[in-house]
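Student: For the sequence shown, the residue numbers in my numbering are 130 to 332. Here a beta-carbon is modelled for each residue, glycine too, at the ideal position from N, C-alpha and C. Here the structure is a predicted model, which is why all the values come from computation and not from measurement.
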Amino acid sequence: MAVAALGLVLHFERPYSRWLIWTSSRSLAGGLAASLVGVRTDSVGLLIAAVIAAAATEAVVDMAIGVGVYVIRRHGTFANHLRSLGPVFITTVPLYAPLLVLLVYAYSAVSPWSVLLFFGPAFAAQRFYRLYQEEREATQQLGIVNVRLEQANVSFTTALVATLDARDRYTAGHSAAVAIYARDIAERSASQLESSEWYTPQA
Numbered sequence: 130m131a132v133a134a135l136g137l138v139l140h141f142e143r144p145y146s147r148w149l150i151w152t153s154s155r156s157l158a159g160g161l162a163a164s165l166v167g168v169r170t171d172s173v174g175l176l177i178a179a180v181i182a183a184a185a186t187e188a189v190v191d192m193a194i195g196v197g198v199y200v201i202r203r204h205g206t207f208a209n210h211l212r213s214l215g216p217v218f219i220t221t222v223p224l225y226a227p228l229l230v231l232l233v234y235a236y237s238a239v240s241p242w243s244v245l246l247f248f249g250p251a252f253a254a255q256r257f258y259r260l261y262q263e264e265r266e267a268t269q270q271l272g273i274v275n276v277r278l279e280q281a282n283v284s285f286t287t288a289l290v291a292t293l294d295a296r297d298r299y300t301a302g303h304s305a306a307v308a309i310y311a312r313d314i315a316e317r318s319a320s321q322l323e324s325s326e327w328y329t330p331q332a
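1. Three-state secondary structure (DSSP) at residue 380?
2. Give me the Cβ distance between residue 221 and residue 188, rounded to the nearest whole Å; I'm assuming they're in contact under 8 Å.
3. Could you tell me how far apart the beta carbons of residue 184 and residue 246 are, in whole angstroms, since I believe they sit closer than 8 Å?
4. Taking the alpha helix (DSSP H) that residue 199 falls in, what are its first and last residues?
5. Taking the alpha-carbon positions, what's the residue 266 to residue 237 distance?
6. Verify whether the separation of the beta carbon atoms of residue 196 and residue 233 is less than 8 Å.
7. The ligand MG and residue 264: does any heavy atom of the ligand fall closer than 7 Å to the residue's C-beta?
8. Spatial neighbours of residue 173 within its chain, please: C-beta separation below 8 Å, excluding the five flanking residues on both sides.
9. In chain order, what residues of the same chain lie with their CB nearer than 7 Å to the CB of residue 211, ignoring the 5 residues before and after it?
10. Please work out which residues of its chain come closer than 6 Å, Cβ to Cβ, to residue 177, disregarding the five sequence neighbours upstream and downstream, and give them in chain order.
11. Quick one: is residue 191 buried, meaning 16 or more other Cβ sit within 10 Å of its Cβ, or exposed?
12. Just verifying my parser: in three-state terms, what is the DSSP assignment at residue 331?
13. Taking the alpha-carbon of residue 227 as reference, which of 285, 182 and 309 has the nearest alpha-carbon?
14. If you draw a straight line from the alpha carbon of residue 219 to that of residue 263, how long is it in whole angstroms?
15. Measure from the alpha carbon of residue 216 to the alpha carbon of each residue in 249, 309 and 261, then state which is nearest.
16. Let me know if residue 286 comes out buried or exposed under the rule of 16 or more other beta-carbons within 10 Å of its beta-carbon.
17. CA-CA distance, residue 240 and residue 268?
18. Using only the alpha-carbon positions, how far apart do residue 270 and residue 276 sit?
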């Protein structure tokens with residue numbers, strides 16, 4: 130847990146709430162994963178199984194906490210964030226598990242100093258994962274902004290139509306009625322088009 134927390138010390142920057150959430154989730158996930166690896170294994174097979182279980186546990190806990198935070202902050206639904214984080218989980222375990230198995234085996238069978246050989250690749254992988262996480266968060270924020278902008282445009286258009294209709298009592302409500310009729314016609318045309326696609330004339 131301390132290693133996971135120290136790994137994010139250099140990234141202590143605004144917004145501090147995001148840094149606190151990242152540090153807490155990484156520390157908790159790392160602690161649970163370490164509890165699995167800490168189990169004494171007498172064979173290479175058990176060692177591989179323990180490392181794979183630890184990697185999967187870390188990924189699941191980190192993903193669950195991340196999805197929970199987004200849902201609590203009302204940035205989307207649980208299913209949407211789960212779909213966006215699913216590919217990360219699928220690629221994380223197969224990518225890191227073999228490296229972790231090799232690292233743990235070298236640490237226990239060769240020498241603890243062998244860990245230094247993995248420092249560079251591990252640091253690069255951590256940076257790559259952080260950049261991916263920031264890009265994913267920026268994409269989600271952009272989607273939220275686009276939805277809000279679309280809602281604002283609809284509200285502005287509705288208010289503009291109501292204002293124009295209110296200026297002339299003879300045409301009051303005419304534009305709104307035309308808009309409703311146009312929407313209904315478009316919906317019926319779309320449904321008829323879908324029905325015709327399923328219809329196959331008999332010879």
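Tutor: Reading from the atomic positions:
1. Residue 380 lies beyond the residue range present for the chain, which begins at 130 and ends at 332; the question has no answer from this structure.
2. 5 Å
3. Actually they are not in contact, since the Cβ atoms of residue 184 and residue 246 sit about 19 Å apart, beyond 8 Å.
4. 173 to 201
5. 38 Å
6. no
7. For the ligand MG, the structure offers nothing, since it holds no ligand at all.
8. 234
9. 196
10. 230
11. buried
12. Unreliable placement is indicated for residue 331, whose pLDDT of 44 sits below 50; the coordinate value is still reported in the next sentence. In this structure, residue 331 counts as coil in the three-state DSSP scheme.
13. 182
14. 19 Å
15. 261
16. exposed
17. 43 Å
18. 10 Å
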